[in-house]
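Residue numbers (my numbering): 2 to 154. Just so you know, even glycine gets a beta-carbon here, dropped at the ideal spot from N, CA and C. See below for the structure under consideration.
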Amino acid sequence: MPDIKFLDYKNIPAILAINSAVQFSWPDRIIKQDLTEKSNTEIIYIGAFASTRQAPLLGYAVLGREGKSGSLMALIVSLEYRRMRIGTQLLLAVGDCAAYLNFRRLKLRVRKSNYPAIELYKSMKFKRDSIELNYYSDGEDAIIMSAGVPFIK
Ligand SMILES: CC(C)(COP(=O)(O)OP(=O)(O)OC[C@H]1O[C@@H](n2cnc3c(N)ncnc32)[C@H](O)[C@@H]1OP(=O)(O)O)[C@@H](O)C(=O)NCCC(=O)NCCS
2 MPDIKFLDYK NIPAILAINS AVQFSWPDRI IKQDLTEKSN TEIIYIGAFA STRQAPLLGY
62 AVLGREGKSG SLMALIVSLE YRRMRIGTQL LLAVGDCAAY LNFRRLKLRV RKSNYPAIEL
122 YKSMKFKRDS IELNYYSDGE DAIIMSAGVP FIK
């Protein structure tokens with residue numbers, strides 16, 4: 002089981018290192034801005050760390066707000082640690098935070114072609130709500146999914 006912790010500006014290099022190996026990541030510029038501007042309390046960064054002394058960051062998730070719902074803005078697991086339930090643990094932590102913040106639902110957008118992520122969300126009982134055509138800058142459609150929080154097992 003990874004250690005789940007809130008992230009702050011000291012974790013920026015580790016987050017950017019994870020991003021550098023991923024094709025579609027949460028923009029480095031926004032991460033630096035979110036984690037250095039103290040005024041931005043609406044965005045929460047959560048990390049999964051190995052429970053060893055070296056404790057590298059294995060993955061991270063970003064929770065924001067979209068109206069009255071929480072919004073999963075990013076969820077990325079380092080390539081070498083995938084399929085080890087890190088994404089699931091991060092998503093559970095995001096669900097707990099969203100419930101704590103009194104959101105009733107957690108929403109997300111995922112690329113139509115992102116089979117691993119869609120399977121992960123389906124395994125956590127997220128349902129497909131709608132599709133946004135040409136949502137991404139390269140023209141790919143986004144599937145909008147949501148689930149009630151706290152998650153029901
Ligand atoms: C999507 C992502 C976060 C999943 O993280 P992960 O830690 O590997 O996921 P988990 O090990 O918790 O997987 C849980 C379940 O999700 C599904 N799943 C995850 N990866 C999958 C894959 N490559 N193929 C099929 N199903 C997959 C499976 O149902 C899996 O359960 P199982 O291993 O018992 O079959 C990871 O692949 C990733 O970082 N991708 C790149 C970034 C990204 O696309 N993020 C989502 C943006 S919306």
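For I87, the distance from the CB to the nearest heavy atom of ligand 1 is below 7 Å. Approximately 5 Å separates the beta-carbon atoms of M146 and Y122; this is inside 8 Å, confirming the contact. For R66, the CB contacts under 7 Å within the same chain, skipping 5 residues up- and downstream, are E43 and S72 in chain order. Taken through DSSP and simplified to helix, strand or coil, L134 comes out as coil. Nearest to V78 by C-alpha distance, out of F7, N20 and A143, is N20. Judged by their CB atoms, A62 and V111 are not nearer to each other than the 8 Å cut-off. For Y116, the enclosing alpha helix (DSSP H) covers residues Y116 to S124. When C-alpha distances from F50 are compared across N12, Y137 and S124, the shortest belongs to N12. Here K108 is buried: its Cβ has 16 or more other Cβ atoms, across all protein chains shown, within 10 Å. In this model, S114 and E120 are separated by some 11 Å (Cα to Cα). Residue range I87 to Y101 is occupied by the alpha helix (DSSP H) that includes A100.
Counting only the Cα atoms, R129 lies some 30 Å from L58. When only Cα atoms are considered, R54 and L8 end up about 18 Å apart. Secondary structure note for R110: its beta strand (DSSP E) is the uninterrupted segment R106 to R112. Of the candidates G140, V150 and F127, V150 places its Cα closest to the Cα of N103.
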